[in-house]
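Remarks on the structure that follows.
Residue numbers (our numbering), protein chains in the order written: chain Y, 19 to 187; chain S, 2 to 159; chain C, 236 to 364.
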């Protein structure tokens, strides 16, 4: 190997090393984005708790949604509950900021009702178009939070009511 | 006169120049990579705003209805006024809040009006941190309990 | 003429450079990691957020901070300030509830414990070891 060749390869090897370190670090930075947001989501759970508990104690003439839920279960007729839930949650979760909501009831891990928003997930997933790869660098993403509440039916069955919301951060 | 030796020395120096430049670049990148994450301070503005906006619904001094026990999430309609909210939430000169209580009509209260007016500039994430959340609330108005929405928009100057 | 000895010197020089670089980086990280101002910055924000959060609690709450040493904690009106002798003071502006008594404290910590209590108002207390 000639003197000139060894000098050039030395320089190129250093530059290559610098590029490798930079790429490695860029990946590290990208992967750590979610860690910073974790604590904010946990504190925001209180907000979902408020929405769920108010939903259950919403007054309906002489009863509440809680009572309607129990009656719906025993009559196996959820139409009124569904209409009411959609009226309430479609008002709370407007389409732009918080497009996703889902409310469900389970007894022994078996769902006895589930209602959700008409939400198109495709808007918030990465585009299939390879030319749109830059979307990965945007700040907007859908953060989901859920809150659960246990209620006891008259025959001592324990039901779990869960409200899930998805908001753009 | 040692021309051959002089030629060899200057030739060696010329070869060393790119090496030194490359070494300096690598050293600079290494220092940069180490100091970059260390100098970054952790941002807590959004966390702070989340905790502050919950005060309106959790604290009986603000809006929470109290009938012997504090009912978080149920708003006492008589507490939704400028004087009461200014007292329970003394916003510093960097935070502004816009509250909208929505029933069959919309009632609006601004805390720290000068800053709250800047909510339209929330797209400028470099200078402002903004949060906006709508709660589903129950409103106790004398003997009547009705449902409504409470929208809390908060802005903080960075 | 490229002699064998030159190549050896070149390798030694580069090795020495990397060694010096590694030692310098080690001491840089060491000094930054042990820098006190990061602890103070973290502590003042944690304390400030805790005071803000306590306003949301409907009942009684008591929180203790242990292992605090050699700094001065000042609370007035609506801010918390932590300072040590050589660093710039770190400040967090919390949002005051005027229904509560104003926080007005000045503590000098020497491995003491800080207690924050919330009942009908918010109180701070320094417990000496």
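Every residue gets a Cβ at the ideal spot worked out from N, C-alpha and C, and that includes glycine.
Quick one: grab the DSSP three-state call for residue i.
i                     : result
residue 77 (chain Y)  : strand
residue 56 (chain S)  : helix
residue 331 (chain C) : strand
residue 114 (chain S) : helix
residue 301 (chain C) : strand
residue 281 (chain C) : helix
residue 336 (chain C) : coil
residue 360 (chain C) : strand
residue 101 (chain S) : strand
residue 192 (chain Y) : Outside the displayed range of chain Y (19 to 187) lies residue 192 (chain Y), so it cannot be described from this structure.
residue 295 (chain C) : coil
residue 272 (chain C) : helix
residue 138 (chain Y) : coil
residue 319 (chain C) : coil
residue 12 (chain Y)  : In this structure chain Y extends from 19 to 187, so residue 12 (chain Y) is not present and cannot be described.
residue 325 (chain C) : strand
residue 127 (chain S) : coil
residue 54 (chain Y)  : Note on residue 54 (chain Y): pLDDT 46, under 50, position unreliable in the model; the coordinate value appears next. Residue 54 (chain Y): helix per DSSP, three-state reduction.
Against chain S, does residue i count as a neighbour if the rule is that its beta carbon must be under 8 Å from one of theirs?
i                     : result
residue 310 (chain C) : no
residue 260 (chain C) : yes
residue 151 (chain Y) : Residue placement at residue 151 (chain Y) cannot be trusted, given a pLDDT of 49 that sits under 50; what the coordinates show is reported in the next sentence. Not an interface residue.
residue 333 (chain C) : yes
residue 290 (chain C) : yes
residue 252 (chain C) : yes
residue 32 (chain Y)  : yes
residue 356 (chain C) : no
Is there a Cβ from chain Y that is less than 8 Å from the Cβ of residue i?
i                     : result
residue 30 (chain S)  : yes
residue 62 (chain S)  : no
residue 65 (chain S)  : no
residue 51 (chain S)  : yes
residue 141 (chain S) : no
residue 20 (chain S)  : yes
residue 97 (chain S)  : no
residue 16 (chain S)  : yes
residue 133 (chain S) : yes
Is the shortest distance between the beta-carbon of residue i and the beta-carbons of chain C less than 8 Å?
i                     : result
residue 11 (chain S)  : no
residue 79 (chain S)  : no
residue 129 (chain S) : no
residue 90 (chain S)  : yes
residue 136 (chain S) : no
residue 48 (chain S)  : yes
residue 55 (chain S)  : yes
residue 148 (chain S) : no
Near residue i, which residues of its chain fall below 6 Å by C-beta distance, leaving aside the five closest residues on each side in sequence?
i                     : result
residue 148 (chain Y) : Because the pLDDT of residue 148 (chain Y) is 47, which lies under 50, any placement of that residue in the model is unreliable, and the question is left without a value.
residue 69 (chain S)  : none
residue 300 (chain C) : 349
residue 119 (chain Y) : 107, 111, 135 and 183
residue 355 (chain C) : none
How many whole angstroms separate the CB atoms of residue i and residue j, which I take to be in contact at a CB cut-off of 8 Å?
i                     : j                     : result
residue 138 (chain S) : residue 72 (chain Y)  : 6 Å
residue 135 (chain Y) : residue 70 (chain Y)  : Between residue 70 (chain Y) and residue 135 (chain Y) the Cβ distance is about 15 Å, and since that is not below 8 Å, they are no contact.
residue 344 (chain C) : residue 308 (chain C) : 7 Å
residue 49 (chain S)  : residue 287 (chain C) : 7 Å
residue 295 (chain C) : residue 353 (chain C) : 7 Å
residue 25 (chain Y)  : residue 16 (chain S)  : 5 Å
residue 136 (chain S) : residue 64 (chain S)  : Rounded, the Cβ-Cβ distance is 10 Å, inconsistent with contact.
residue 319 (chain C) : residue 306 (chain C) : 4 Å
residue 98 (chain Y)  : residue 133 (chain Y) : With 8 Å as the limit, residue 98 (chain Y) and residue 133 (chain Y) do not qualify as a contact, their Cβ atoms being about 12 Å apart.
residue 110 (chain S) : residue 100 (chain S) : 5 Å
residue 87 (chain S)  : residue 112 (chain S) : 6 Å
Counting only C-beta atoms, is residue i closer than 8 Å to chain D at any point?
i                    : result
residue 65 (chain Y) : In the structure shown, chain D does not exist; the protein chains are Y, S and C.
Leaving out five residues on either side along the sequence, give the residues of the same chain with a beta carbon under 7 Å from the beta carbon of residue i.
i                     : result
residue 280 (chain C) : 327
residue 63 (chain Y)  : 163 and 165
residue 20 (chain S)  : none
residue 339 (chain C) : 310 and 311
residue 265 (chain C) : none
residue 107 (chain S) : 101
Between residue i and the rest of its own chain, which residues show a CB-CB distance below 8 Å, the 5 nearest in sequence each way excluded?
i                     : result
residue 262 (chain C) : none
residue 128 (chain S) : 122, 158 and 159
residue 292 (chain C) : 353
residue 90 (chain S)  : 53, 56, 57, 63, 98 and 112
residue 118 (chain S) : 97 and 111
Is any non-hydrogen atom of the ligand NAD found closer than 7 Å to the C-beta of residue i, if you look at the structure I gave you?
i                     : result
residue 252 (chain C) : The ligand content of the structure shown is nil, which means the ligand NAD is not present either.
Note down, one range per segment and in chain order, each alpha helix (DSSP H) of at least 4 residues found wholly within the segment 85 to 119 of chain Y.
-> 97 to 110
Residue ranges of each alpha helix (DSSP H) within the segment 42 to 91 of chain S, 4 or longer = 46 to 59 and 83 to 89
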